[in-house]
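Novice: The structure is given below, and queries will be raised subsequently.
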Amino acid sequence: MGRGDLAGAARLELVSGVVQLRPEDAMVEAMLKGWRAQQTARGLQEDTIVPRERLVRRFVAFTNEYPWGWARRMWMSGHSR
2 MGRGDLAGAA RLELVSGVVQ LRPEDAMVEA MLKGWRAQQT ARGLQEDTIV
52 PRERLVRRFV AFTNEYPWGW ARRMWMSGHS R
């Protein structure tokens, strides 16, 4: 099994050839779905996974930024740009 076949790999979460209406939102959902798959593969329980995902979703909403746009200062100060 190559790295591209690991639980949560992006190529397993996004459908090839499909044009997304909101690609950034689709990527965040794929990232969270993949992260959930990785945590499940590690044997973590739902009562661990769900609060983690909820925290990331809340941070996305609070900063109004996608995860790849987060900067260290956001984490340190709790404010978006």
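Numbering (this note's numbering), first residue to last: 2 to 82.
Virtual Cβ for every residue (Gly too), placed ideally from N, Cα, C.
(1) Mapping DSSP to helix, strand and coil, what is Ala-72?
(2) Look at the alpha carbon of Glu-1 and the alpha carbon of Leu-56, and state the distance between them as a whole number of angstroms.
(3) Mind checking whether Arg-53 and Trp-71 have CB atoms under 9 Å apart?
(4) Thinking Val-61 and Val-29 are a contact (beta carbons under 8 Å), I'd like their distance in whole angstroms, please.
(5) Please report the distance separating the alpha-carbon of Ala-1 from that of Ala-38.
Specialist: Reading off the structure:
(1) coil
(2) What is shown of the chain runs 2 to 82, which leaves residue 1 out entirely.
(3) no
(4) 7 Å
(5) One cannot answer for residue 1 here, as it falls past the ends of the chain, which runs 2 to 82.
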